[in-house]
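So the structure is just underneath, and the comments pick up after that.
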Amino acid sequence: MFPISFAAVASGWELYKAVGPANGGRIFGVRLLPRTSDRAMPHVWEMFKRLGRPEVRGGQDSVFHVVAVATWYSFRIALLAFVIGAVIGVVLAVLMARFRVVERAMMPYLVISQTVPIIVLAPLILTLMSFANRDLGSKTWIASVILGVSLAFFPVAVGTLRGLKAAPPASLELMDSMASSWTRTLFKLRFPTAVPFIMPTLRLAAAVAVVGVIVAEISLGVRYGVGRLILSYGQDASSDPAKLYTAVFGAAVLGLAMALLVLGIDKLSMRNRPQEIA
Amino acid sequence: MTASSSEDLVASDSDAEPGRSTTPAALSAVEVIAVDKVFNPGTPKHVDALADINLTIQRGEFVSLIGPSGCGKSTLLRIIADLLQASTGRVLVNGKRAHQARLDQDYGMAFQQSGLFEWRTVERNIELPLELKGWDRSRRRARSREMLALVKLEEFATAMPWQLSGGMQQRVAIARALASNPQLLLMDEPFGALDEMTREHMQTELLRICNDTGTTVVFVTHSIPEAVYLADRVVVMSPRPGRITGIVEVGLGRIRSEHTREASTFFESVTEVREALRGGEMADNARGIEDR
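Read top to bottom, the protein sequences are chains A and B. Quick note on numbering: the first sequence equals residues 1 to 278 in our numbering. Quick note on numbering: the second sequence equals residues 1001 to 1292 in our numbering.
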């Protein structure tokens, strides 16, 4: 289905470009409609053609090569952030499920952690890192991992906690009647019960890990990432508009790759389950 | 928690004879002695659930607990299972304190909901208590095959629970309860969610299994015919607070079949249980009792 929907989106873009006002337009007196000039909205095929040409005039590497390398770089960081975030989320959820005190003490912090905008958080984390160690302060990629983690762990923690608490009382009684310890009940009953709750939160975590990493790269200027490409290609946009969109493609591919990964985990862990929720 | 005196009694008792008892209780499967149960004592939600319950169940005996909703029959079953603590009094299972019996997996349990784990195959559901006992894989597998044969579900070993009918799921739950070969089976309305035909079939199957294995059964139900058809003795309870108002001996012998349901002895026992229920109920008019 994806090729068809992609073709539809591309044709929508081209259609608007063909019929829309060149200098933008007003709706109810508000300037809403974007300009359709080649500078504002390059043709879709221009974007793809741009991928094949060198990044800078007379340069050796094509834009495709540069974007691919940057996307791969950011993908690894986002993946790391996702994995660490998911692990932290699950561990937190287990602690909160085991000890009510932890849940009551931690929850406010968890919520606060999600209300502070990452744009603010990014320089703060980098500053803290350089206070800790001058060397560390120069490793901006670590800061983007931390930011990705700080976004990714939250949905996993909340969803897993709900899942761990979703074990039916009768099943818990059954485990009790077989003298199962809390830990064994955790692994034999609570975790399996939680899987359908955890899977959607992993998708969310994968998505926000990508957002966190790219935003961190943009706001910190992480050298090799796709976020940095968006920033610098954006600065060239007035003379080379199609190039900016090649970086956006990179970010989109990155998001898709993460989503596919999680879909794989989902399918693998949910096989053999009753198919009523689909 | 407030029942200090009798809990002290239990504690000192087990200090003298850790884990075992040489009293006549050792001969019986279940010994319930002067048990009271109060929920939420000292709060507005205070409920006297059980009062002065005394009950001895012999090895190999099949005992039904019957009574209207709220008479505490499930509570009594859970106290025997050590899933709830008695407020006063004490419970011995196989001559041990109920707590020790639970740790030793001396009993198996089955509930109204089969409670099978939907992510495990049928055979791995049956193996669950064995995993908790630390049996190795091949021994578990061999045992689950035996149990599947016992409940006549051999061909469904690798099926997922949701692929089975309600009655088949309940048979798997019984197989699971019996997997570690306990001498006691505690059942809380296990056939309550089944249709009448399946239910009668399951009752016959359960009797066959118990006769094959010599298992003692405590069976909670609110169906009079079910209680009578299954049990050697029917313990009749009344609510608020739950107490035993009568015990009906069912003279049907051990071998029972579908014909038993038409025997005059069967109807006599049904009538006797019904009257015991009415007697215990008085004003309450035997609410929640199925007469079918």
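Where a beta carbon is used, it is the ideal one built from N, C-alpha and C, also for glycine.
Which same chain residues end up closer than 6 Å to residue i when comparing Cβ atoms and leaving out the 5 residues on each side of it in sequence?
i	result
A/T36	K17, G20, A22
B/R1102	D1082
B/S1014	With a pLDDT of 40 at B/S1014, under the threshold of 50, the predicted position of this residue should be treated as unreliable, and no value is reported.
B/G1072	A1049, L1050, G1242
B/Q1058	S1028
A/E46	A242
B/I1247	R1233, V1235
A/G25	L33
A/N133	none
B/E1249	R1233
For residue i, go through chain B and note every residue whose CB falls closer than 9 Å to its CB, in chain order.
i	result
A/R184	E1131, L1132
A/P200	Those within 9 Å of A/P200 in chain B number zero; the least Cβ separation is about 17 Å.
A/P192	F1117, E1118, W1119, R1120
A/L268	Correct list: empty, because the minimum Cβ distance to chain B is about 13 Å.
Would you mind telling me which residues of chain A sit closer than 8 Å to residue i, beta carbon to beta carbon, in chain order?
i	result
B/E1118	R273, P274
B/L1128	M178, K188
With a Cβ-Cβ cutoff of 8 Å, do residue i and residue j count as a contact?
i	j	result
A/G250	A/L229	yes
A/F291	A/L254	The shown model of chain A, from 1 to 278, leaves out residue 291 of chain A, and the question about it has no answer.
B/V1035	B/A1086	yes
B/T1260	B/F1266	yes
A/A242	A/P42	yes
B/A1051	B/P1241	yes
B/F1062	B/A1193	no
A/A152	A/I125	no
A/M258	A/V210	yes
B/G1167	B/H1201	yes
A/V44	A/A8	no
A/A237	A/L244	yes
B/I1053	B/L1077	no
B/P1041	B/Q1105	no
B/D1188	B/S1064	no
A/G85	A/V156	yes
B/L1207	B/R1278	no
B/I1080	B/A1227	no
A/T201	A/A166	no
Give me the chain B residues within the contact set of residue i, using Cβ-Cβ distance strictly less than 7 Å, ordered along the chain.
i	result
A/A170	F1111, Q1113, G1115
So which residues of chain A does residue i contact, with C-beta pairs closer than 7 Å?
i	result
B/W1162	P274
B/A1081	S177
B/R1102	S177, A179
B/Q1105	M178, A179
Can you list, in chain order, the residues of its chain with a C-beta nearer than 7 Å to that of residue i? Leave out the 5 residues immediately preceding and following it.
i	result
B/G1214	G1060
A/A247	V67, V226, L229, I230, Y233
B/R1274	I1224
B/D1195	none
A/Y73	Y224, G225
A/G52	S62, F64
B/L1116	N1125, P1161, Q1169, V1172, A1173
A/L80	V145
A/R39	S238, P241
For residue i, return the contacting residues in chain A, with the cut-off set at a CB-CB distance below 9 Å.
i	result
B/L1076	Near B/L1076 there are no residues of chain A at all, since even the closest Cβ is about 15 Å away, more than 9 Å.
Looking only at its chain, what residues have a beta carbon closer than 8 Å to the beta carbon of residue i, apart from the 5 residues adjacent to it on each side?
i	result
B/A1157	T1121, V1122, E1123, S1144, R1145, L1148
A/M175	R184, T185, K188, L189
A/L121	L147, S150
B/E1118	M1160, P1161, W1162
A/A207	G255, M258, A259
A/A70	Y224, G225, V226, R228, L229, A247, G250
Report back the beta-carbon spacing between residue i and residue j to the nearest angstrom; my notes put them in contact at under 8 Å.
i	j	result
B/L1130	B/A1177	12 Å between Cβ atoms; not a contact.
B/V1220	B/L1185	With 8 Å as the limit, B/V1220 and B/L1185 do not qualify as a contact, their Cβ atoms being about 12 Å apart.
A/V102	A/M96	5 Å
B/I1033	B/G1089	6 Å
A/I77	A/V213	5 Å
B/P1044	B/P1239	Wrong, their Cβ atoms sit about 19 Å apart, outside the cutoff.
B/D1212	B/L1150	7 Å
Just the chain B side, please: which residues come within less than 8 Å of residue i by C-beta, in chain order?
i	result
A/L174	M1109, F1111, G1115
Contact between the region 256 to 265 of chain A and the region 174 to 188 of chain A is defined here as three or more beta-carbon pairs at a separation below 8 Å; is this criterion met?
no
Would you check if the region 161 to 180 of chain A and the region 112 to 130 of chain A touch, i.e. whether three or more CB-CB distances between them fall below 8 Å?
Judged by Cβ distances under 8 Å, the region 112 to 130 of chain A makes no contact with the region 161 to 180 of chain A, as fewer than three pairs qualify.
Specify whether the region 1128 to 1139 of chain B and the region 1161 to 1175 of chain B touch according to this definition: at least 3 beta carbon pairs, one from each stretch, less than 8 Å apart.
no
With three or more C-beta pairs closer than 8 Å as the rule, is the region 140 to 149 of chain A touching the region 214 to 223 of chain A?
yes
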